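Every position in the sequence shown, counted from 1, becomes a number in our numbering once 3 is added.
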Amino acid sequence: MRTNAPRVWMWAALALMVFWSAPCRASDQARTFFSALEAYKAGNYAAAVTQFEAIARSGVRNGRLFYNLGNACLKNQQLGPAILWYERALHLLPDDPDLRFNLNYARSLTKDASEESISPLLHILFFWNYHLSSSAVILLALLFNLLLWLLLGAFRLTRRRELARSAIVAAAAALVFILTAGYNYHEAGRPSLAIILPERVAIRSGLEENSTQLFILHAGAKVKVLNERKDHYQIRFAADKIGWVGKQSVGLI
4 MRTNAPRVWM WAALALMVFW SAPCRASDQA RTFFSALEAY KAGNYAAAVT
54 QFEAIARSGV RNGRLFYNLG NACLKNQQLG PAILWYERAL HLLPDDPDLR
104 FNLNYARSLT KDASEESISP LLHILFFWNY HLSSSAVILL ALLFNLLLWL
154 LLGAFRLTRR RELARSAIVA AAAALVFILT AGYNYHEAGR PSLAIILPER
204 VAIRSGLEEN STQLFILHAG AKVKVLNERK DHYQIRFAAD KIGWVGKQSV
254 GLI
């Protein structure tokens, strides 16, 4: 597991910028954040988890915060929550090497081998999509589209061939990122992904405690949420492993 003290303090400064946008709570959240960092440095990981989590539960959505919370959970022997917070951080920091390293390390500690949820072919065809956030993809699609129209306008006025070639490149880039944004939109409509939180949980055939136990999952297993009831989710771990589990046992990514 990687930790980097200088970066932690840099992230603290970034977090303060986030907190500053909500002045009524900023000072309390900043104090809690720095207190959590001190607790982490002192080896009091349970206190660090509690304080980082309090900030996250208040509505602050920050990749650095989620990353630090994942680190604290992992140090506190909470594998399921650690992977959950790393996964949430990955949506906001898709290209952070330390985050990816720690997430992969945490995944290596899990006991359940899941099916590959993303086709290797998609990894190859859309390799950039796994290094950019969804908002960055949309922004690039808009920027290349704007650049295309600017180049076309300039070409119409000057008739310079290099502008036409540049417009073709911009059009290709715009098309790539528009298609990628469409793919991301499609994926967002698919069943939600979640992480098993307890060390061990029984997956059952129904909503009752006495329903037939179908199989066991362990902390950190990634599942798809197929259906929802008041206190339960129907989850899919593999093609032949579908069942119901209490909501308190899973965390939605």
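In this text, a Cβ means the ideal position worked out from N, Cα and C, and glycines have one as well.
A quick note: this is a predicted structure, and the numbers were derived from the prediction, not measured.
Query                                                                                                                             : Result
Contacts around Val112, its chain only, beta-carbon distance under 8 Å, and the 5 residues preceding and following it disregarded : Per the sequence presented here, residue 112 reads as Leu, with Val not at that position. Excluding sequence neighbours, Leu112 sits near Leu82, Gly223.
One or two residues paired with Gly246 in a DSSP bridge                                                                           : Ile238
For Lys227, the first and last residue of its enclosing beta strand (DSSP E)                                                      : 225-231
Residue range of the beta strand (DSSP E) that includes His221                                                                    : 216-221
Spatial distance of Glu90 from Ala109 (CA atoms)                                                                                  : 11 Å
Reference Val248; option with closest CA among Ala241, Val228, Ala184, Ala242                                                     : Val228
Per-residue burial, Asn230 [other beta carbons within 10 Å of its own, 16 or more giving buried]                                  : exposed
Assigned exposure category for Lys44 - 16 Cβ within 10 Å defines buried                                                           : exposed
Local Cβ density within 10 Å of Pro100, reported as buried at 16 or more and exposed below that                                   : exposed
Closest residue to His94 among Asn79, His134, Ala242 (Cα-Cα distance)                                                             : His134
Outcome for Pro9 when other beta-carbon atoms lying within 10 angstroms are tallied against a minimum of 16                       : Per-residue confidence for Pro9 stands at a pLDDT of 40, beneath the threshold of 50, marking its modelled position as unreliable; no derived number is given.
For Gly156, the first and last residue of its enclosing beta strand (DSSP E)                                                      : Element bounds for Gly156: not the beta strand (DSSP E) but the alpha helix (DSSP H), 137-161.
C-alpha distance - Arg67 paired with Phe36, whole-angstrom precision                                                              : 11 Å
Neighbourhood of Gly250 by C-beta distance below 7 Å, restricted to the same chain and skipping five residues each side           : It is worth fixing the name first, because residue 250 is Lys in this sequence and not Gly. Hits under 7 Å: Asp234, His235, Tyr236.
Validate contact between the stretch 212-220 and the stretch 173-185 using beta carbons, cut 8 Å, 3 pairs                         : no
Ile256 (DSSP reduced to helix, strand or coil)                                                                                    : coil
Assigned exposure category for Ile171 - 16 Cβ within 10 Å defines buried                                                          : exposed
Residue environment, Arg164, which counts as buried when at least 16 other CB atoms sit within 10 Å                               : exposed
Cutoff 7 Å; reference Ala51; Cβ partners in own chain excluding five residues on either side                                      : Ala39, Ala42, Tyr43, Ala75
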